[in-house]
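J.: So for the sequence shown, our numbering puts the first residue at 3; every next one is plus one.
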Amino acid sequence: MSSSFVPNGASLEDCHCNLFCLADLTGIKWKRYVWQGPTSAPILFPVTEEDPILSSFSRCLKADVLGVWRRDQRPGRRELWIFWWGEDPSFADLIHHDLSEEEDGVWENGLSYECRTLLFKAVHNLLERCLMNRNFVRIGKWFVKPYEKDEKPINK
């Protein structure tokens, strides 16, 4: 059994193809920022504007920079991963001063399984937001577009 085994049989290898080459994602770049918060669970969680990870993630979304955040296994530690291609975004405007850059890379140097998984998650989240903004409804892992009475039937 490989280390990338997933109980339901779905692994990242089953979910990607030559789309990366076709979409010119071979020039993708990425950075990982970390924030070490309190190790004990706070009674009240900070609002987005006060949270370094969430405020940076929100600014990235507004600037059309692909990103994803996650909790680390170590208590209080969280990570923000950002992905882009082309010109580097203005990190000073996007990233909270309390975050520290821990790692960066480019597609040409290879992406670890962890990095590819987080890139896939960031793209998936972007697609989900786009569909939800277009009034699609999520039912489990599927998205459906409800019928609107003003729509013309496709067959007529």
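Ideal Cβ positions, reconstructed from N, Cα and C, are used throughout, including at glycine.
Helix, strand or coil: which one does DSSP assign to L101?
T.: Your numbering for residue 101 matches position 99 in the sequence shown. In this structure, L101 counts as coil in the three-state DSSP scheme.
J.: In whole angstroms, what is the alpha-carbon distance linking W144 and N135?
T.: Sequence index remark: in the sequence shown, residue 144 carries index 142 (1-based). Sequence index remark: in the sequence shown, residue 135 carries index 133 (1-based). Distance between the alpha carbons of W144 and N135 is about 15 Å.
J.: How far does the alpha helix (DSSP H) with F122 in it reach, from first residue to last?
T.: For the purposes of this step, residue 122 is identified with residue 120 of the sequence shown, where counting begins at 1. 115-135 is the extent of the alpha helix (DSSP H) around F122.
J.: With distances taken from CA atoms, which of V139, I84, W37 is nearest P77?
T.: Mapped onto the sequence shown, residue 77 falls at position 75. Per the Cα distances, W37.
J.: Could you spell out the range, first to last residue, of the alpha helix (DSSP H) harbouring I55?
T.: Here residue 55 refers to the residue found at position 53 of the sequence shown. It spans 54-64 - the alpha helix (DSSP H) in which I55 sits, taken as one unbroken run.
J.: Determine the closest residue to W83 out of D95, E116, E110, with distance taken between C-alpha atoms.
T.: In the sequence shown, residue 83 corresponds to position 81, counting from 1. Comparing Cα positions, the closest option is E116.
J.: Using a 10 Å radius around the Cβ and a threshold of 16 neighbouring Cβ atoms, would you call N10 buried or exposed?
T.: Sequence index remark: in the sequence shown, residue 10 carries index 8 (1-based). Unreliable positioning characterises N10 in this predicted model, as indicated by a pLDDT of 47, which lies under 50. The coordinate reading is nonetheless provided below. Exposed: under 16 other Cβ atoms inside 10 Å.
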